[in-house]
Ligand SMILES: Cc1cc2nc3c(=O)[nH]c(=O)nc-3n(C[C@H](O)[C@H](O)[C@H](O)COP(=O)(O)OP(=O)(O)OC[C@H]3O[C@@H](n4cnc5c(N)ncnc54)[C@H](O)[C@@H]3O)c2cc1C
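This is how it looks when you write it as structure tokens:
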């Protein structure tokens, strides 16, 4: 039988696997992508219920502006005109016990005005704070894009949590809470969250905007798959990799669930760090390496509880909104702990009104929305089926009750409702603890990286990954490395 040989085998067809596959296929490298599910995309996938399309995870993507990194990657992959991003009118709407704030897209000045109106005594500090954030952001961009060395400020701020910066500007707990709204996109409270990582994400959304792919992430994923195949790349779905073949401490191929073997000079893992190193590779191969050990749960980002709904009527007061956050209080540490413990009354929830932006996914009088709460994994594990179902129903009902207070008559309008827990996300993608972003972005934490020659991590689990834009950028830098090796 002919040996099946490739330049690069990619394990997993998440956004990371498809992006690097497309970049390498565009260079005429012989690539093979193996995906365990029928659907491609991992977290960037959609599913159908009652004839309607639901986004399994994604609601807002950064870095997609014209000439931004993602636009450039898409251009390089020659996905062409098929890919368009929609821009909601507001980056988000944030509802607190005493405030209702809409953040207009790409208008930091307007946000400054709005905050200064609510907190007039803090106007000067608000201006100073925005200036500092912008300064850090553009310096980080120079470091990432142009290879500049970190300056004194960046060195001072590295390893510090975001609260360190807030302490320099504000005492007002409410203002601190409002400015830190995006902690929910990072999954760690500002007392622990890396100052530099948060600053980058915050400025990218505030300055460059928030985006959602036209036609759902399905259009993005399908365009990648079509482009890969048109350039001679192969994608096999329903094909789980169960082993990475190692020879002389280097990977040379993979074995799949049904016993097929494929060989390549280089292997890319688009999947979970722990599963790659501890399940697909036999520990004995690297007996002396201290890096092969089980992932510590404190280093893994939170997961989510998500409710998918079809409504039979529009929520009129919210018809201009896409992303809405409901905040029960201003205390981020309390919000975080409530999320970890699945206590919706004190945890923030995000409501994404998909039909307000992408009209093609709704029909007359049918509206698609999703409600997301960050969710700790341990609450869900070791339950039998009926206990799990009961807990799921309980958390779902608490969230709906909470949202119903702000969206009057939401419950009357629900035609369909289904929920996903951290266990659902873990089962579907294989990410440890259903982790949203892979490693936590904790101040001072050094994420682990691959120590095996010719095995690359292009996923949430690369030290620079986490988020669609983050993983796509890792794919780009890894593709450049791989091209030099082939
Ligand atoms: C609820 C939720 C909401 C989110 N919202 C956003 C958002 O709005 N914006 C944003 O930027 N990010 C968001 N994220 C994060 C974002 O989805 C991820 O950072 C990103 O999609 C990760 O992509 P990936 O390529 O690393 O891999 P994944 O999406 O994890 O895909 C890995 C793929 O590998 C496959 N696989 C696993 N094991 C094997 C195996 N052994 N053999 C073959 N195939 C295998 C899986 O089936 C999967 O298809 C969200 C995540 C969640 C969970």
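Numbering (this note's numbering), first residue to last: -18 to 467.
Cβ coordinates follow ideal geometry from the N, Cα and C atoms, glycine included.
Report back the beta-carbon spacing between residue 165 and residue 331 to the nearest angstrom; my notes put them in contact at under 8 angstroms.
Along the chain shown, one-based indexing puts residue 165 at 184. Along the chain shown, one-based indexing puts residue 331 at 350. That pair is a contact at about 6 angstroms.
Give the straight-line distance between the Cα atoms of residue 116 and residue 220, rounded to the nearest whole angstrom.
Residue mapping note: residue 116 aligns to position 135 of the chain shown, counting from 1. Residue mapping note: residue 220 aligns to position 239 of the chain shown, counting from 1. Their backbone Cα atoms lie some 47 angstroms apart in a straight line.
Looking at residue 306: is its Cβ nearer than 8 angstroms to the Cβ of residue 73?
As a working note, residue 306 is residue 325 in the chain shown. As a working note, residue 73 is residue 92 in the chain shown. A contact, by the Cβ cut-off of 8 angstroms.
Taking the alpha-carbon positions, what's the residue 242 to residue 13 distance?
Residue 242 sits at position 261 when you count from the first residue of the chain shown. Residue 13 sits at position 32 when you count from the first residue of the chain shown. Each residue's Cα considered, the two are about 12 angstroms apart.
Taking 7 angstroms as the cut-off, is the C-beta of residue 407 nearer than that to any heavy atom in ligand 1?
If you number the chain shown from 1, residue 407 lands on position 426. For ligand 1, not one heavy atom lies less than 7 angstroms from the Cβ of residue 407.
Is residue 420 closer than 8 angstroms to residue 444 when the C-beta atoms are compared?
Sequence index remark: in the chain shown, residue 444 carries index 463 (1-based). Sequence index remark: in the chain shown, residue 420 carries index 439 (1-based). Their beta carbons are under 8 angstroms apart, which means residue 444 touches residue 420 by this criterion.
Spell out the partners DSSP gives residue 438 in its beta bridges.
Counted from its first residue, the chain shown places residue 438 at position 457. Answer is 250.
Measuring alpha carbon to alpha carbon, tell me which of 423, 182, 436, 362 ends up nearest residue 413.
By one-based count along the chain shown, residue 413 stands at place 432. Residue 362 is the option with its Cα nearest to residue 413.
Can you name the start and end residues of the alpha helix (DSSP H) that residue 118 belongs to?
For the purposes of this step, residue 118 is identified with residue 137 of the chain shown, where counting begins at 1. Run containing residue 118: 104 to 127, per the alpha helix (DSSP H) assignment.
Would you list the one or two residues that DSSP bridges to residue 75?
Counting from one through the chain shown, the residue named residue 75 turns up at place 94. 82, 306, per the DSSP bridge assignment.
Is the Cβ-Cβ distance between residue 237 and residue 261 less than 8 angstroms?
Walking along the chain shown from the start, residue 237 turns up at place 256. Walking along the chain shown from the start, residue 261 turns up at place 280. No.
Would you identify the three-state DSSP class for residue 301, choosing helix, strand or coil?
Position 320 of the chain shown, counted from the first residue, corresponds to residue 301. Coil at residue 301, not helix or strand.
Hey, is the stretch 296 to 311 in contact with the stretch 322 to 339, meaning 3+ C-beta pairs nearer than 8 angstroms?
With the cut-off at 8 angstroms, the stretch 296 to 311 and the stretch 322 to 339 touch.
Check this for me: beta carbons of residue 227 and residue -6, under 8 angstroms apart or not?
Walking along the chain shown from the start, residue 227 turns up at place 246. Walking along the chain shown from the start, residue -6 turns up at place 13. No, these two residues do not count as a Cβ contact at 8 angstroms.
Quick check on residue 376: does DSSP put it in helix, strand or coil?
Here residue 376 is taken as the residue at index 395 of the chain shown, counted from 1. Helix at residue 376.
Using 8 angstroms as the Cβ pair cut-off and three pairs as the minimum, do the stretch 177 to 187 and the stretch 113 to 133 touch?
The stretch 177 to 187 vs the stretch 113 to 133: in contact.
Is the Cβ-Cβ distance between residue 324 and residue 463 less than 8 angstroms?
Looking up residue 324 in the chain shown gives position 343. Looking up residue 463 in the chain shown gives position 482. No; because the gap between Cβ atoms is not below 8 angstroms, this pair is not in contact.
In chain order, what residues of the same chain lie with their CB nearer than 8 angstroms to the CB of residue 42, ignoring the 5 residues before and after it?
Translated into the one-based positions of the chain shown, residue 42 becomes position 61. If we look at residue 42 and ignore the five residues flanking it on each side, its Cβ neighbours are 51, 66, 191, 192, 193, 194, 448, 449, 450.
Beta-carbon separation of residue 231 and residue 434 under 8 angstroms?
Here residue 231 refers to the residue found at position 250 of the chain shown. Here residue 434 refers to the residue found at position 453 of the chain shown. A contact, by the Cβ cut-off of 8 angstroms.
Just to confirm before moving on: does the CB-CB distance between residue 249 and residue 439 stay below 8 angstroms?
Your numbering for residue 249 matches position 268 in the chain shown. Your numbering for residue 439 matches position 458 in the chain shown. Yes, the pair counts as a contact, with Cβ atoms nearer than the cut-off.
Could you name the residues of the same chain whose beta carbon sits closer than 6 angstroms to that of residue 92, not counting the 5 residues immediately before and after it, in chain order?
Position 111 of the chain shown holds residue 92. 84, listed in sequence order.
Going by Cα to Cα distance, which pick from 225, 55, 40 is closest to residue 457?
Taking the first residue of the chain shown as 1, we reach residue 457 at position 476. Measuring from the Cα of residue 457, the nearest candidate turns out to be 55.
Are there any heavy atoms of ligand 1 lying less than 7 angstroms away from the beta-carbon of residue 339, as far as the coordinates show?
Position 358 of the chain shown, counted from the first residue, corresponds to residue 339. No, the beta carbon of residue 339 sits no closer than 7 angstroms to any heavy atom of ligand 1.
Hey, would you say residue 321 sits closer than 8 angstroms to residue 283, going by beta carbons?
As a first step, residue 321 is located in the chain shown; it is residue number 340 there, counting from the start. As a first step, residue 283 is located in the chain shown; it is residue number 302 there, counting from the start. The answer is yes: Cβ separation under 8 angstroms.
Is it the case that the CB of residue 418 approaches a heavy atom of ligand 1 more closely than 7 angstroms?
If you number the chain shown from 1, residue 418 lands on position 437. Because some heavy atom of ligand 1 lies under 7 angstroms away, the Cβ of residue 418 counts as near it: yes.
Is it buried or exposed, residue 40, if we count other Cβ atoms within 10 angstroms and call 16 or more buried?
Sequence index remark: in the chain shown, residue 40 carries index 59 (1-based). The residue is buried, with at least 16 neighbouring Cβ atoms inside 10 Å.
Is the beta carbon of residue 173 sitting closer than 8 angstroms to the one on residue 424?
The sequence position of residue 173 within the chain shown is 192, counting from 1. The sequence position of residue 424 within the chain shown is 443, counting from 1. Yes, Cβ-Cβ distance for residue 173 and residue 424 is below 8 angstroms.
Just the C-alpha distance for residue 259 and residue 229, rounded to the nearest angstrom, thanks.
Residue mapping note: residue 259 aligns to position 278 of the chain shown, counting from 1. Residue mapping note: residue 229 aligns to position 248 of the chain shown, counting from 1. Near 18 angstroms, if we compare the C-alpha coordinates of residue 229 and residue 259.
Of the residues 407, 75, 352, which one's Cα is nearest the Cα of residue 509?
Here the chain covers residues -18 to 467 and nothing more, so residue 509 does not appear.
Between which two residues does the beta strand (DSSP E) harbouring residue 292 extend?
Working through the chain shown from its first residue, we reach residue 292 at position 311. That run of the beta strand (DSSP E) goes 284 to 292.
Out of 124, 156, 88, state which residue places its alpha-carbon closest to the alpha-carbon of residue 99.
Here the question's residue 99 lines up with position 118 in the chain shown. Nearest of 124, 156, 88 to residue 99, Cα basis: 156.
Closest to residue 143 by CA distance: which of 23, 176, 135 is it?
The residue labelled residue 143 in the question sits at position 162 within the chain shown. Here the closest residue by C-alpha is 176.
May I have the straight-line CA-CA distance separating residue 291 from residue 393, to the nearest angstrom?
In the chain shown, counting from the first residue as 1, residue 291 sits at position 310. In the chain shown, counting from the first residue as 1, residue 393 sits at position 412. One C-alpha to the other measures close to 11 angstroms.
Rounded to whole angstroms, what's the CA-CA distance from residue 11 to residue 171? Just pull it up for me.
Position 30 of the chain shown holds residue 11. Position 190 of the chain shown holds residue 171. The straight-line gap from Cα to Cα measures roughly 44 angstroms.
To the nearest angstrom, how far is the alpha carbon of residue 281 from that of residue 418?
Residue 281 sits at position 300 when you count from the first residue of the chain shown. Residue 418 sits at position 437 when you count from the first residue of the chain shown. In a straight line, the C-alpha of residue 281 is about 8 angstroms away from that of residue 418.
Using beta-carbon positions only, say whether residue 35 and residue 358 come within less than 8 angstroms of one another.
Here residue 35 corresponds to residue number 54 of the chain shown, with the count starting at 1. Here residue 358 corresponds to residue number 377 of the chain shown, with the count starting at 1. Their beta carbons are not under 8 angstroms apart, which means residue 35 does not touch residue 358 by this criterion.
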